[in-house]
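Here this note's numbering is used: position 110 in the sequence shown is 133, and no number is missing along the way. For glycine and all other residues, C-beta sits at the position ideal for the given N, C-alpha and C. Reviewing the structure listed below.
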Amino acid sequence: MKITFIMPSIGKKPGDLSYVKTWQMEPLQIAILSALTPSDINREFYDDRLENINYETQTDLVAITVETYTARRSYEIAYQFRKKNVKVVMGGFHATLVPEEVRQYCDILFVGEAEGLWEKLIIDLKNNELKSEYINHSPLSLANIFPDRTIFSGKRYQKLGLIETGRGCTFNCDFCSIQKFYKRTYRYRPLEDVVTELKSLPYKYYFFVDDNIVANIVHAKKLFTALIPLKIKWFTQGSINMADDPELLDLMKRSGCLGVLIGFESLNDKTLSSMNKGINLKHDREKSILKIQAAGIKIYGTFVFGHENDQEKDFDKTFRFVLKHKFFIAAFNHLVPFPGTEMYERFKRNGSLINEKYWLDHNYCFGDVSYRPQNFSAETLSRLCFLYRKKFYSTASIFTRFFNRTNFQHFSHPFFYLLISILSRRDAKKRQGLPMGTGQAYE
Ligand code: SF4
Numbered sequence: 024m025k026i027t028f029i030m031p032s033i034g035k036k037p038g039d040l041s042y043v044k045t046w047q048m049e050p051l052q053i054a055i056l057s058a059l060t061p062s063d064i065n066r067e068f069y070d071d072r073l074e075n076i077n078y079e080t081q082t083d084l085v086a087i088t089v090e091t092y093t094a095r096r097s098y099e100i101a102y103q104f105r106k107k108n109v110k111v112v113m114g115g116f117h118a119t120l121v122p123e124e125v126r127q128y129c130d131i132l133f134v135g136e137a138e139g140l141w142e143k144l145i146i147d148l149k150n151n152e153l154k155s156e157y158i159n160h161s162p163l164s165l166a167n168i169f170p171d172r173t174i175f176s177g178k179r180y181q182k183l184g185l186i187e188t189g190r191g192c193t194f195n196c197d198f199c200s201i202q203k204f205y206k207r208t209y210r211y212r213p214l215e216d217v218v219t220e221l222k223s224l225p226y227k228y229y230f231f232v233d234d235n236i237v238a239n240i241v242h243a244k245k246l247f248t249a250l251i252p253l254k255i256k257w258f259t260q261g262s263i264n265m266a267d268d269p270e271l272l273d274l275m276k277r278s279g280c281l282g283v284l285i286g287f288e289s290l291n292d293k294t295l296s297s298m299n300k301g302i303n304l305k306h307d308r309e310k311s312i313l314k315i316q317a318a319g320i321k322i323y324g325t326f327v328f329g330h331e332n333d334q335e336k337d338f339d340k341t342f343r344f345v346l347k348h349k350f351f352i353a354a355f356n357h358l359v360p361f362p363g364t365e366m367y368e369r370f371k372r373n374g375s376l377i378n379e380k381y382w383l384d385h386n387y388c389f390g391d392v393s394y395r396p397q398n399f400s401a402e403t404l405s406r407l408c409f410l411y412r413k414k415f416y417s418t419a420s421i422f423t424r425f426f427n428r429t430n431f432q433h434f435s436h437p438f439f440y441l442l443i444s445i446l447s448r449r450d451a452k453k454r455q456g457l458p459m460g461t462g463q464a465y466e
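Listed below in structure tokens is the structure:
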């Protein structure tokens, strides 16, 4: 018996089969599914981002993980297998947040987290009793989850270990699908499991994929203390309140933290307030940045534009802000109303969405704006985001931000900064205009 796992791409530009390098990372969710699958079942894995899928493969079940931006491509892939009478199961964020759509394109809908339910699906598969849907109402503890990375063998991923130490976030940002998926909860893995997994891996650099690594400060301190003896280097994402606690920052740094992604979202307090990003409103961002950088931690700041209070001049103000603070990386993104979020429902109610199912439209591309912003056109918002991304990675900007104390903690850091800047500049152009799907039939 065999299961074929598939990680879909967003889509492909005609004639360009190469992929965005900074996205070329091991898909941890596939390794977790593989680990939950008993060893008497054969497994194979196609990463549509890197290789062609063999639709002729002899398999008993195809499992596709679906996100909003990969939904159309997922349906195209499923269509090819289902034509050959191969059953397809779909799970992931999009399957959980938009189940009524996803069930139309698969044989088995899988809602929620995999652990505890995937095993039941496998038993049903063996008994030829697969049901049309599996819904995980009560997620399990995160103990004893050790991803099976042998499923990645032979694939060329970035040499960066992806590790999960916890899931979810307790904040309530109205654009965020993470808090919807996890219902504003945060759970963490036992420390000994994280340490055991790290000890078994060969990487020098790690990315902790947690949605907010400081969601529980007491636990975060224990985690960072446990990491110190491992002498690893790592990046992660977390909320700005980490700056409040000097002991936390010290432990982060001593445990090998090189940098952290922080969602600043906006410099406009009205915008922060209406998107429900209260945690950022409560913090003086300038002082917080200084504290984090003084601890020797680089900042990857993300910003979103296109809210009802946003004006064109906010782009320039934000650009000057990130240059002043010499951010390692900054993202200039437009709002994306992900289905299942409060923001999507509000935009739908007030008629702002240009296309309610923009993710299924092959003419909708990465970088396009899917709603009508109030103070500029959708095209202007898309153009300005792309323009400021290019400005951020211009030679002048890279040179200005180079002279940040966090780039000079070790002789390798200046080279690392330049490498990431050049790669990110190339990828910013490569991502823009990537269509949803490949244009093939999916129904
Ligand atoms: S802080 Fe980040 S992860 Fe948490 S709800 Fe807001 S956007 Fe989502």
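*Among 92, 88, 49, 110, nearest to residue 78 - alpha-carbon criterion*: Taking the sequence shown and counting its residues from 1, the one referred to as residue 78 is at position 55. For residue 78, the nearest C-alpha among the options comes from 110.
*Note down, in chain order, each residue of its chain lying with its Cβ closer than 6 Å to the Cβ of residue 52, except the 5 sequence neighbours on either side.*
As a position in the sequence shown, residue 52 is number 29, starting the count at 1. Closer than 6 Å at Cβ, skipping near neighbours: 88.
*Any beta strand (DSSP E) of 3 or more consecutive residues that is wholly inside the region 265-335*: 280-288, 321-328
*Let me know the secondary structure DSSP gives residue 158 once reduced to three states.*
The residue given as residue 158 occupies position 135 in the sequence shown. It is a strand residue.
*residue 234 CB to nearest heavy atom of the ligand SF4 below 6 Å*: The count along the sequence shown starts at 1 and reaches residue 234 at position 211. It does: the Cβ of residue 234 is within 6 Å (strictly closer) of some heavy atom of the ligand SF4.
*Taking Cβ to Cβ, would you say residue 186 is nearer than 7 Å to residue 231?*
Within the sequence shown, the letter at position 163 stands for residue 186. Within the sequence shown, the letter at position 208 stands for residue 231. Closer than 7 Å, so yes.
_If I measure Cβ to Cβ from residue 248 and keep anything under 8 Å in the same chain, skipping five residues before and after, which residues do I get?_
Translated into the one-based positions of the sequence shown, residue 248 becomes position 225. Taken in chain order, the residues that qualify are 274, 278.
*What are the boundary residues of the beta strand (DSSP E) that includes residue 450?*
By one-based count along the sequence shown, residue 450 stands at place 427. Here residue 450 belongs to no beta strand (DSSP E); instead the alpha helix (DSSP H) covers 436-454.
*residue 331: buried (16+ other C-beta within 10 angstroms of its C-beta) or exposed?*
One-based indexing of the sequence shown puts residue 331 at position 308. That one is exposed.
*Report buried or exposed for residue 123, applying the criterion of at least 16 other Cβ atoms within 10 angstroms of its Cβ.*
Start at 1 with the first residue of the sequence shown, and residue 123 comes out as number 100. Per the 10 Å Cβ criterion, exposed.
_Suppose the cutoff is 7 Å on Cβ atoms and the five residues either side in sequence are ignored; what does the same chain contact list for residue 462 look like?_
For the purposes of this step, residue 462 is taken as the residue at position 439 of the sequence shown. Cβ within range, chain order: 385.
*Should the region 203-213 be called in touch with the region 235-252, which here means at least 3 C-beta pairs below 8 Å?*
yes
*Find the nearest neighbour of residue 130 within the set 446, 83, 387, 171, judged by alpha-carbon distance.*
Residue 130 sits at position 107 when you count from the first residue of the sequence shown. Here the closest residue by C-alpha is 83.
_Cut-off 8 Å between Cβ atoms - residues of its own chain near residue 466, not counting five sequence neighbours on either side_ = Counted from its first residue, the sequence shown places residue 466 at position 443. Excluding residues within five positions, the ones whose Cβ falls inside 8 Å are 98, 102, 127, 128.
*Give every residue of the same chain whose Cβ lies closer than 6 Å to the Cβ of residue 510, excluding the five residues on either side of it in the sequence, and list them in chain order.*
Residue 510 is absent from the model: the chain starts at 24 and stops at 466.
*In chain order, what residues of the same chain have a beta carbon less than 8 Å from the beta carbon of residue 271, not counting five sequence neighbours either side?*
Counting from one through the sequence shown, the residue named residue 271 turns up at place 248. So the qualifying residues of the chain are 237, 240, 243, 244, 247, 265.
*Under a Cβ-count criterion, where at least 16 other Cβ atoms within 10 Å of its own Cβ denotes burial, should residue 393 be classed as buried or exposed?*
On the sequence shown, residue 393 is found 370 positions in, with the first residue counted as 1. With 16 or more other Cβ atoms within 10 Å, it is buried.
*With residue 474 and residue 54 assumed to form a contact (beta carbons below 8 Å), what rounded beta-carbon distance in angstroms separates them?*
What is shown of the chain runs 24 to 466, which leaves residue 474 out entirely.
*Going straight from the alpha carbon of residue 440 to that of residue 256, what length do you get?*
If you number the sequence shown from 1, residue 440 lands on position 417. If you number the sequence shown from 1, residue 256 lands on position 233. Those two C-alpha atoms are separated by around 15 Å.
*asked:* For the ligand SF4, is there any heavy atom lying closer than 6 Å to the beta carbon of residue 230?
replied: Start at 1 with the first residue of the sequence shown, and residue 230 comes out as number 207. It does not: the Cβ of residue 230 is nowhere closer than 6 Å to a heavy atom of the ligand SF4.
_For the ligand SF4, is there any heavy atom lying closer than 6 Å to the beta carbon of residue 408?_
If you number the sequence shown from 1, residue 408 lands on position 385. The answer is no for residue 408.
*Spatial distance of residue 321 from residue 345 (CA atoms)*: Residue mapping note: residue 321 aligns to position 298 of the sequence shown, counting from 1. Residue mapping note: residue 345 aligns to position 322 of the sequence shown, counting from 1. In a straight line, the C-alpha of residue 321 is about 12 Å away from that of residue 345.
*asked:* Using only the alpha-carbon positions, how far apart do residue 431 and residue 437 sit?
replied: Within the sequence shown, residue 431 is the residue found at index 408, counting from 1. Within the sequence shown, residue 437 is the residue found at index 414, counting from 1. Near 6 Å, if we compare the C-alpha coordinates of residue 437 and residue 431.
*Cut-off 7 Å between Cβ atoms - residues of its own chain near residue 367, not counting five sequence neighbours on either side*: Within the sequence shown, numbered from 1, the residue matching residue 367 stands at position 344. Once the five neighbours on either side are set aside, the close Cβ partners of residue 367 are 360, 361.
_Under 8 Å: do the region 131-150 and the region 53-71 share three or more Cβ pairs, one atom per stretch?_
yes
_Can you look up residue 252 in the DSSP assignment and give me helix, strand or coil?_
The residue given as residue 252 occupies position 229 in the sequence shown. Note: residue 252 maps to helix in three-state DSSP.
*Backbone CA spacing between residue 460 and residue 453 [nearest angstrom]*: Position 437 of the sequence shown, counted from the first residue, corresponds to residue 460. Position 430 of the sequence shown, counted from the first residue, corresponds to residue 453. Computed Cα separation, rounded: 16 Å.
*Grouping DSSP H, G and I as helix and E and B as strand, with all else coil, what is residue 461?*
Taking the sequence shown and counting its residues from 1, the one referred to as residue 461 is at position 438. In the structure shown, residue 461 sits in coil (DSSP, three-state: anything other than H, G, I, E or B).
*Taking only heavy atoms of the ligand SF4 into account, decide whether any of them is closer than 6 Å to the Cβ of residue 329.*
Counting from 1 along the sequence shown, the entry for residue 329 is found at position 306. Because no heavy atom of the ligand SF4 lies under 6 Å away, the Cβ of residue 329 does not count as near it: no.
*Which whole-angstrom value describes the C-beta separation of residue 323 and residue 350, a residue pair presumed to lie in contact below a C-beta threshold of 8 Å?*
The residue labelled residue 323 in the question sits at position 300 within the sequence shown. The residue labelled residue 350 in the question sits at position 327 within the sequence shown. Correct: roughly 7 Å between the Cβ atoms.
_With 16 other Cβ atoms within 10 Å as the buried cut-off, status of residue 146_ = Locating residue 146 in the sequence shown gives position 123, where the first residue counts as 1. So residue 146 ends up on the exposed side.
*Would you list, in sequence order, the uninterrupted beta strand (DSSP E) runs of no fewer than 3 residues that lie entirely inside the region 61-107?*
65-70, 84-88
*If you draw a straight line from the alpha carbon of residue 197 to that of residue 85, how long is it in whole angstroms?*
Counted from its first residue, the sequence shown places residue 197 at position 174. Counted from its first residue, the sequence shown places residue 85 at position 62. Their backbone Cα atoms lie some 33 Å apart in a straight line.
*Measure the C-alpha to C-alpha separation of residue 203 and residue 195 and round it to an integer number of angstroms.*
If you number the sequence shown from 1, residue 203 lands on position 180. If you number the sequence shown from 1, residue 195 lands on position 172. Residue 203 and residue 195: Cα-Cα distance of roughly 9 Å.
*Can you give the Cα-Cα distance for residue 375 and residue 298, rounded to whole angstroms?*
Counting from 1 along the sequence shown, the entry for residue 375 is found at position 352. Counting from 1 along the sequence shown, the entry for residue 298 is found at position 275. Cα to Cα, residue 375 sits roughly 16 Å from residue 298.
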